[in-house]
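Read the structure below first, then the notes.
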Amino acid sequence: MDFSRATILCLGDVMLDRFAYCDTERISPEAPVPVLLLRQTQSMLGGAGNVARNIAALGGTAVLIGLVGQDAAGAEARALLSAAPGIIDRHVATADRATTCKTRYLAGNQQLMRVDEEHTHPPGPDEAAALLAAVEGAVVEADAVILSDYGKGVLAPKVLDAAIACARGRGVPVYVDPKGDDFTRYTGATCITPNQRELALAAQLPTSSDAEIVAAATRVLRDSGIEAVLATRSEKGMALIEASGAVHFEAARTRGYSMCQGLVTRSSRC
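Here the sequence shown stands for residues 0 to 269, numbered as in numbering that gives the first Met the number 0.
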């Protein structure tokens, strides 16, 4: 896959992923919990920011749009964005919400807990207007739009509908990493990429077999007006379902990772 000439607009929930690496050798005398001795911390862009990082790693250019708070986590996220090659930062700064931040505490190879800081309310009128202005300015140069929905509020109905209409009005395909069980929210999108469990919840149908995957995806296509469903199935591969039929991609294990055979030939579609 050659992304060297691709510009992808990423709109969604921008997060900061923090990792706190600790040692633990004893249990606290105050409560039955381990005492952690912090040794090192590491931060990276998460959520829609991680999507942008992956596009850049493949050689493409990502235009990242989302809400980032005016707080310490937001400052850290902005610093990471400014230092990230291949990512064009078009985030909207906001004082009305905290930057979504997930801090994971690890000792040895074990994650002991995760602390989340987030607000999930929809964007206010000014925030929504700023997000859509950024989309309208960036979509003219985009080869595709990815909507990265983590349920943190950025992709509220007003923003979703306007972003999809803006992109499709210019002939730009829209791909969605969905959240929740109502895929009609993404009506008008080119392709949606639920995992097996998400597809089952949205369709209210089982998804254990190939035939059940196709039946569930067909119901989603019928109900939502989306053009295609790319259902990810972990070690079982993927299934691409369109009105014209379905194609199944088997997973091949390579160096401990799962890759989907045949995806390269259809990457321009999903």
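The beta carbon of each residue, even a glycine, is placed where N, CA and C say it ideally should be.
Note down the Cα distance separating residue i from residue j, rounded to an integer number of angstroms.
i: Gly187; j: Glu117; result: 29 angstroms
i: Ala245; j: Pro172; result: 20 angstroms
i: Thr189; j: Asp22; result: 47 angstroms
i: Ala97; j: His247; result: 41 angstroms
i: Arg184; j: Ala128; result: 19 angstroms
i: Ala83; j: Ile7; result: 15 angstroms
i: Glu135; j: Asp222; result: 28 angstroms
i: Ala71; j: Val91; result: 16 angstroms
i: Glu126; j: Val158; result: 10 angstroms
i: Val228; j: Gln109; result: 35 angstroms
i: Ala214; j: Glu249; result: 19 angstroms
i: His120; j: Leu63; result: 20 angstroms
i: Gly59; j: Leu198; result: 29 angstroms
i: Ser147; j: Glu24; result: 40 angstroms
i: Leu283; j: Phe2; result: Limits of the chain in this structure are 0 at one end and 269 at the other, which puts residue 283 out of reach.
i: Ala230; j: Ala30; result: 44 angstroms
i: Val114; j: Arg4; result: 38 angstroms
i: Leu10; j: Leu37; result: 34 angstroms
i: Gly46; j: Tyr149; result: 7 angstroms
i: Gly236; j: Val153; result: 30 angstroms
Could you tell me which residues DSSP puts in a beta bridge with residue i?
i: Tyr174; result: Ile145, Cys190
i: His120; result: Answer by DSSP bridge pairing: none, since His120 is not bridged.
i: Gln109; result: Ala106
i: Ile64; result: Leu10
i: Thr93; result: Gly68
i: Val284; result: The structure shown does not extend to residue 284, since the chain spans only 0 to 269, so no value can be given for it.
i: Leu229; result: Leu239
Please go through the same chain and pick out, in chain order, the residues whose beta-carbon is closer than 6 angstroms to the beta-carbon of residue i, but skip the five residues on each side of it.
i: Leu44; result: Arg52, Leu79
i: Gly48; result: Val13
i: Thr40; result: Ala19
i: Ala94; result: Gln69
i: Cys100; result: Leu15, Ala72, Glu116
i: Ala202; result: Ala215, Arg218, Val219
i: Ala143; result: Ile7, Pro172
i: Gly261; result: In this predicted model, Gly261 has a pLDDT of only 36, less than 50, meaning its place in the structure is not dependable; the value taken from the coordinates is given anyway. Excluding sequence neighbours, Gly261 sits near Phe248.
Can you tell me which of the three DSSP states residue i falls into?
i: Leu15; result: strand
i: Thr206; result: coil
i: Thr98; result: coil
i: Phe182; result: helix
i: Arg160; result: Position check: residue 160 holds Asp in this sequence, whereas Arg was assumed. In this structure, Asp160 counts as helix in the three-state DSSP scheme.
i: Arg218; result: helix
i: Ser42; result: strand
i: Arg77; result: helix
i: Val34; result: strand
i: Asp22; result: strand
i: Val139; result: helix
i: Ile86; result: strand
i: Val50; result: helix
i: Ala166; result: helix
i: Val114; result: strand
i: Ala288; result: Here the chain covers residues 0 to 269 and nothing more, so residue 288 does not appear.
i: Ala251; result: strand
i: Val153; result: coil
i: Asp125; result: helix
i: Ala5; result: coil
For residue i, I'd like the list of residues in its chain whose CB is within less than 7 angstroms of its CB, leaving aside the five on either flank, ordered along the chain.
i: Glu75; result: Leu15, Ser42
i: Ile191; result: Val175, Pro177, Phe182, Tyr185, Ile225, Val228
i: Val50; result: Cys9, Ile145, Ser147
i: Gly123; result: Asp95
Would you say residue i reaches chain C, if we count a Cβ-Cβ gap shorter than 8 angstroms as a contact?
i: Ala215; result: The structure shown has no chain C; it contains just one protein chain.
Excluding the five sequence neighbours on either side, which residues of its own chain have a C-beta within less than 8 angstroms of the C-beta of residue i, listed in chain order?
i: Ala55; result: Ala61, Ala83, Pro84, Gly85, Ile86
i: Pro33; result: Thr23, Arg25, Ile26, Ser27, Ala106, Leu111
i: Cys165; result: Leu131, Val134, Glu135, Val138
At a cut-off of 7 angstroms, would you count residue i as near the ligand ADP, judging by its Cβ distance to the nearest heavy atom?
i: Asp160; result: Ligands in the displayed structure: none, and consequently the ligand ADP is not present.
inquiry  = Tell me whether the stretch 175-184 and the stretch 207-215 touch, counting them as touching only if at least three CB pairs, one residue from each stretch, are closer than 8 angstroms.
reply    = no
key: the stretch 57-74 / the stretch 104-115 touching (three or more Cβ pairs under 8 angstroms)   = Judged by Cβ distances under 8 angstroms, the stretch 57-74 makes no contact with the stretch 104-115, as fewer than three pairs qualify.
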